[in-house]
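Scroll down for the structure; my scribbles are underneath it.
There are 2 protein chains.
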Amino acid sequence: MTGTLYGIGVGPGDPELITLKAARLIAACPIVAYPAPVGGTSFARQIADNHISSSAEEIVIPVPMQPDPAPAQAAYDHAAPVIAGHLEAGRDVAVLCEGDPFFYGSFIYLHDRLAADFPCEVVPGVSSLMACSAAMNTPLARRNDILTVLPATLDEPELTQRLQNGGAAAIIKLGRHLPKVRRILDQLGLTKRAGYIERASLDEGTALPLAEAPATAPYFSMILVQAQ
Amino acid sequence: MTGTLYGIGVGPGDPELITLKAARLIAACPIVAYPAPVGGTSFARQIADNHISSSAEEIVIPVPMQPDPAPAQAAYDHAAPVIAGHLEAGRDVAVLCEGDPFFYGSFIYLHDRLAADFPCEVVPGVSSLMACSAAMNTPLARRNDILTVLPATLDEPELTQRLQNGGAAAIIKLGRHLPKVRRILDQLGLTKRAGYIERASLDEGTALPLAEAPATAPYFSMILVQAQ
Numbered sequence: 003m004t005g006t007l008y009g010i011g012v013g014p015g016d017p018e019l020i021t022l023k024a025a026r027l028i029a030a031c032p033i034v035a036y037p038a039p040v041g042g043t044s045f046a047r048q049i050a051d052n053h054i055s056s057s058a059e060e061i062v063i064p065v066p067m068q069p070d071p072a073p074a075q076a077a078y079d080h081a082a083p084v085i086a087g088h089l090e091a092g093r094d095v096a097v098l099c100e101g102d103p104f105f106y107g108s109f110i111y112l113h114d115r116l117a118a119d120f121p122c123e124v125v126p127g128v129s130s131l132m133a134c135s136a137a138m139n140t141p142l143a144r145r146n147d148i149l150t151v152l153p154a155t156l157d158e159p160e161l162t163q164r165l166q167n168g169g170a171a172a173i174i175k176l177g178r179h180l181p182k183v184r185r186i187l188d189q190l191g192l193t194k195r196a197g198y199i200e201r202a203s204l205d206e207g208t209a210l211p212l213a214e215a216p217a218t219a220p221y222f223s224m225i226l227v228q229a230q
Numbered sequence: 003m004t005g006t007l008y009g010i011g012v013g014p015g016d017p018e019l020i021t022l023k024a025a026r027l028i029a030a031c032p033i034v035a036y037p038a039p040v041g042g043t044s045f046a047r048q049i050a051d052n053h054i055s056s057s058a059e060e061i062v063i064p065v066p067m068q069p070d071p072a073p074a075q076a077a078y079d080h081a082a083p084v085i086a087g088h089l090e091a092g093r094d095v096a097v098l099c100e101g102d103p104f105f106y107g108s109f110i111y112l113h114d115r116l117a118a119d120f121p122c123e124v125v126p127g128v129s130s131l132m133a134c135s136a137a138m139n140t141p142l143a144r145r146n147d148i149l150t151v152l153p154a155t156l157d158e159p160e161l162t163q164r165l166q167n168g169g170a171a172a173i174i175k176l177g178r179h180l181p182k183v184r185r186i187l188d189q190l191g192l193t194k195r196a197g198y199i200e201r202a203s204l205d206e207g208t209a210l211p212l213a214e215a216p217a218t219a220p221y222f223s224m225i226l227v228q229a230q
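Protein chains in written order, with the numbering used here: chain A, 3 to 230; chain B, 3 to 230.
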């Protein structure tokens with residue numbers, strides 16, 4: 003009997019926004035894996051800390067944080083056979099994922115490498131999309147609204163065109179792209195309908211009208227644009 | 003001291019996909035409100051059943067299930083002052099919401115009526131969007147993918163144009179619009195990249211390639227289209 007690979011969403015940051023199912027499975031798995039920035043601590047592990055068994059074996063996947071995806075892919079190339087070894091030996095593996103595993107989650111890279119060969123189950127989590135909307139205390143989408151999720155990494159013409167189409171929008175992965183996104187929203191007259199959020203659901207989080215947002219943004223920050 | 007209005011996401015259906023925070027607040031609130039179809043039972047209440055205090059007063063909001071929004075709005079017009087009365091008397095009110103309260107949730111109609119006058123906090127929940135992706139065992143969006151959420155109620159030219167733009171898509175609120183949506187996806191050559199999901203996260207749920215989907219769909223069903 004091979005083990006099962008669980009991709010477990012641990013939610014946006016508040017440890018209380020983990021699901022009962024995630025908490026149960028994390029506690030039950032003998033192997034717990036998670037990404038961590040090279041030289042840093044894992045946010046996903048920090049969120050799930052209360053639930054990891056003291057007898058669990060932990061696998062850290064050190065992920066270089068840089069625009070070039072190749073070194074991160076190499077880290078998953080290295081981690082996948084280690085995880086596969088545990089699954090082949092019949093041990094279940096919980097992979098911890100910030101937010102939701104399949105919504106822009108790094109778990110996808112392990113799923114790509116392992117799901118064809120092993121039983122795989124994803125436990126959906128509370129996404130940052132919903133946590134940011136709650137932090138702004140403003141609905142994300144209602145009735146017949148269209149909602150578009152746009153990575154800020156897209157080029158200026160593509161972002162402009164998509165935002166021009168109307169509806170609600172979430173612009174994710176801001177980081178160094180914040181000035182570009184602000185410029186586009188200003189040009190389209192959308193700034194007054196936009197909110198800026200970082201570290202949603204955490205005490206130290208920020209949720210402001212975009213006009214009052216700081217000049218620089220971390221990678222995990224988001225702009226929400228309300229539908230008209 | 004007025005009470006706080008909590009909009010609480012209880013997740014997509016599996017009672018284990020409720021968050022620790024939702025479970026705690028539902029148990030603590032003396033007043034628990036939820037929508038239910040006229041003459042039917044409330045799915046949100048069923049999901050949260052284990053957590054509702056036996057001493058809680060329950061407020062059922064009977065919502066007519068029909069395309070005309072006016073009768074549903076009248077139901078919220080009627081419920082809002084009842085809830086306001088409890089808040090004015092200092093009692094916290096938990097409003098239970100399937101999925102996430104601000105993601106196409108009916109909680110938005112109470113928020114519209116009450117958030118200006120009372121403290122309001124939304125507890126984000128696991129959305130059906132993420133639960134459907136998990137049910138298909140297929141990533142929703144990765145890296146620089148654009149994801150568009152489209153209500154199936156939109157007209158055919160608008161749906162066609164949005165789906166033509168590329169990226170990943172989630173088409174929600176299928177119901178009687180399923181034949182129209184299938185026709186559009188066929189014409190665009192997208193059927194082979196589409197999955198059909200109903201009752202995600204429940205034992206009786208369905209997750210199939212769209213080509214194998216049934217001819218009729220409930221309102222709470224979804225089509226996910228993978229990005230190329």
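Beta carbons are placed, not taken as given, at the ideal position from N, Cα and C, and that holds for glycine.
Computed from a predicted structure; not experimentally measured.
Under DSSP, the alpha helix (DSSP H) around B/Leu7 begins and ends at which residues?
Per DSSP, B/Leu7 belongs to no alpha helix (DSSP H); it is in the beta strand (DSSP E), Leu7 to Gly11.
To the nearest angstrom, report how far apart B/Ser55 and B/Arg26 are at their CA atoms.
Taking the straight line joining both Cα atoms gives about 11 Å.
Does the structure place the stretch 203-216 of chain B close enough to the stretch 108-124 of chain B that three or more beta carbon pairs sit under 8 Å?
Contact between the stretch 108-124 of chain B and the stretch 203-216 of chain B is absent, because fewer than three Cβ pairs lie under 8 Å.
Flag A/Thr208 as yes if its beta-carbon sits less than 7 Å from any beta-carbon of chain B, otherwise no.
Cβ-Cβ to chain B under 7 Å: no for A/Thr208.
Give every residue of the same chain whose Cβ lies closer than 6 Å to the Cβ of B/Phe2, excluding the five residues on either side of it in the sequence, and list them in chain order.
Residue 2 of chain B is absent from the structure shown; chain B starts at 3 and stops at 230.
Using a Cβ-Cβ cut-off of less than 7 Å, list which residues of the stretch 60-89 of chain A approach chain B; keep chain order.
Listed by position along the chain: nothing, the set is empty.
At what residues does the beta strand (DSSP E) containing A/Ser135 begin and finish?
Here A/Ser135 belongs to no beta strand (DSSP E); instead the alpha helix (DSSP H) covers Ser130 to Met138.
Based on DSSP bridge pairs, tell me the residues matched to A/Tyr36.
A/Val62, per the DSSP bridge assignment.
Here's the rule: buried if 16 or more other CB atoms are within 10 angstroms of the residue's CB, otherwise exposed. What is B/Thr21?
Buried is the call here.
Figure out for me which residue from B/Gly207, B/Lys182 and B/Val65 has the closest Cα to the Cα of B/Ala76.
Measuring from the Cα of B/Ala76, the nearest candidate turns out to be B/Val65.
With a cut-off of 7 Å, does the C-beta of A/Ala133 fall near any C-beta of chain B?
Chain B contact via Cβ: present.
Should B/Leu152 be flagged as near chain A, meaning a C-beta pair shorter than 7 Å?
Cβ-Cβ to chain A under 7 Å: yes for B/Leu152.
In chain order, what residues of the same chain lie with their CB nearer than 6 Å to the CB of A/Arg145, ignoring the 5 residues before and after it?
Cβ neighbours of A/Arg145 beyond the five flanking positions: none.
Determine, using beta carbons only, whether B/Asn146 comes closer than 7 Å to chain A.
With 7 Å as the cut-off, B/Asn146 counts as an interface residue toward chain A.
If we call anything under 7 Å between Cβ atoms a contact, is B/Leu89 one with B/Gly9?
Contact flag unset, no.
Mind checking if A/Lys21 is an interface residue toward chain B, Cβ cutoff 7 Å exclusive?
Here residue 21 of chain A turns out to be Thr, not Lys, going by the sequence shown. Closer than 7 Å: yes.
With a threshold of 7 Å between beta carbons, is A/Ser129 in contact with chain B?
Judged by the 7 Å Cβ criterion, A/Ser129 is in contact with chain B.
Is it right to say B/Thr42 is buried, meaning 16 or more other beta carbons lie within 10 angstroms of its own, or is it exposed?
Just to set this straight, residue 42 of chain B is Gly in the shown sequence, not Thr. Result: exposed.
For A/Leu226 versus A/Cys99, is the C-beta spacing smaller than 7 Å?
No; because the gap between Cβ atoms is not below 7 Å, this pair is not in contact.
Are the Cβ atoms of A/Val31 and A/Asp79 separated by less than 7 Å?
The sequence shown places Cys at residue 31 of chain A, not Val. No, the Cβ-Cβ distance between A/Cys31 and A/Asp79 is not below 7 Å.
Residues of chain B with CB under 7 Å from A/Leu142, in chain order?
The answer, in chain order, is Phe104 and Phe105.
Hey, A/Ile173 and A/Leu152 are a contact pair by Cβ (cut 8 Å); roughly how many whole angstroms apart?
At roughly 5 Å, the Cβ-Cβ gap stays under 8 Å, so A/Ile173 and A/Leu152 are in contact.
I'd like the list of long-range same chain contacts for A/Val40, defined as Cβ closer than 8 Å, with 5 residues on each side in sequence excluded.
Cβ neighbours of A/Val40 beyond the five flanking positions: Pro64, Val65, Pro66 and Met67.
Using only alpha-carbon positions, find the residue among A/Ala229, A/Pro159, A/Ile148 and A/Ile28 that is nearest to A/Thr193.
Ranking A/Ala229, A/Pro159, A/Ile148 and A/Ile28 by Cα distance to A/Thr193 puts A/Ala229 first.
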